[in-house]
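Residue numbers (the numbering used here), protein chains in the order written: chain A, 57 to 214; chain B, 57 to 214.
Notes to accompany the following structure.
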DNA sequence: TGTGCTTAGTTGCAAATGAAACTATATCGC
DNA sequence: GCGATATAGTTTCATTTGCAACTAAGCACA
């Protein structure tokens with residue numbers, strides 16, 4: 057038995073209590089449940105939906121800006137954009153002063169899909185969050201923000 | 057302007073505040089930062105590490121039990137187990153009474169790796185969580201548990 | 001004992017992903 | 001203006017993933 061002076065045994069690694077594991081499971085379940093609602097119905101992958109979601113909120117972003125805001129990498133964005141262009145859900149206009157980049161925005165068709173999915177997504181989010189009281193929600197929000205900040209301080213990887 | 061009676065405009069979908077998005081980004085950053093520490097050093101993929109992590113904690117599980125505990129699917133587990141067997145980090149013994157399944161456990165070699173990674177993983181978790189006060193941690197823990205429970209109530213998919 | 005149903009785990013194949021190389025344009029230093 | 005360097009976005013290729021089909025073993029009940 058450790059002497060009372062040093063104590064603090066290294067805690068065992070229990071998966072069920074391990075932060076990365078819990079985050080990953082929760083994240084997959086939540087995203088998965090929402091994706092299930094739109095993926096087959098609109099033939100839309102998760103990356104595609106992410107791109108549409110950000111452009112629905114703020115149009116006329118370049119691919120690079122989309123990548124930044126969604127925390128996706130540029131290849132992923134490029135591919136999602138291509139398939140969305142092909143499906144005429146997105147349109148692209150050359151940037152007037154920079155021939156390398158282009159502004160992306162939803163077409164009417166894309167907008168219509170966005171307008172259908174967005175409330176649905178918010179509704180499902182609401183359903184998840186209904187497990188928490190308003191106070192708990194506010195607390196969770198704050199804690200997530202702190203952890204996200206810490207993650208970008210440490211990881212610095214995206 | 058909405059009449060005071062109905063109010064409650066549908067909130068816009070802002071990615072930065074959207075739960076699935078925030079969870080996904082945070083989860084990827086945290087898991088990624090930890091994976092970076094072991095993946096190249098030990099030539100270990102995330103699924104492989106998950107299998108080792110659960111068997112390090114509780115040996116002699118079948119592949120099915122590993123899948124349940126890690127929330128991975130059985131194909132993923134099967135493949136991770138195969139490569140771990142090949143690397144002699146895992147061993148497999150036939151279940152005496154059920155020829156279909158087998159008990160898995162770490163070999164000495166696997167255990168040595170586990171013993172090296174586990175403290176490192178816990179240390180990094182600690183680093184992330186050091187952004188929170190002890191009280192905040194406890195709160196976060198409780199909120200995550202509530203949300204996880206809600207997710208399995210709703211999603212019911214894995 | 002045998003016929004049909006369930007479960008554990010593997011395999012095959014198509015699609016998704018990620019890293020690195022590549023193209024095209026822009027900018028900097030001179 | 002011109003070579004060197006940087007940036008936006010795409011393509012290529014090897015790897016990883018996920019689904020569905022499959023094999024093999026147990027179970028159940030006649």
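Glycine is no exception: its CB is placed at the ideal position from the N, C-alpha and C atoms.
Original post:
Between the region 75-102 of chain A and chain B, which residues of the former have a C-beta closer than 8 Å to a C-beta of the latter?
Top reply: 75, 76, 77, 78, 79, 80, 81, 82, 83, 84, 85, 86, 87, 88, 89, 90 and 92
Subject >> Beta-carbon spacing of residue 133 of chain B, residue 119 of chain B below 9 Å >> reply: yes
**OP:** Hey, could you find the ends of the alpha helix (DSSP H) residue 95 of chain A is sitting in?
**Re:** 75-98
Original post:
Would residue 105 of chain B pass as a contact of residue 127 of chain B if the rule is Cβ separation under 9 Å?
Top reply: no
**OP:** Using a Cβ cut-off of 9 Å (strictly closer), state whether residue 195 of chain B contacts chain A.
**Re:** yes
**OP:** Taking residue 112 of chain A as the reference, give the member of A:89, A:204, A:150 and A:164 with the closest Cα.
**Re:** A:164
Original post:
Name the DSSP bridge partner or partners of residue 144 of chain B?
Top reply: Residue 144 of chain B pairs with nothing; no bridge assigned.
Subject >> Continuous alpha helix (DSSP H) assignments of at least 4 residues falling wholly in the region 125-182 of chain A >> reply: 130-142
**OP:** Pull up the distance between the alpha-carbon of residue 196 of chain B and that of residue 70 of chain A, whole angstroms please.
**Re:** 17 Å
Original post:
Candidates A:87, A:161, A:170 and A:210: which alpha carbon is nearest residue 186 of chain B's?
Top reply: A:210
Original post:
With a CB to CB cut of under 6 Å and the five nearest residues on each side skipped, what residues in its chain are close to residue 130 of chain A?
Top reply: 123
Original post:
Does the region 78-94 of chain B come close enough to the region 67-86 of chain A that 3 or more CB-CB pairs lie under 8 Å?
Top reply: yes
Subject >> Below-9 Å beta-carbon distance, residue 33 of chain A vs any chain B residue >> reply: A query on residue 33 of chain A cannot be resolved here, the shown segment of chain A reaching from 57 to 214 and no further.
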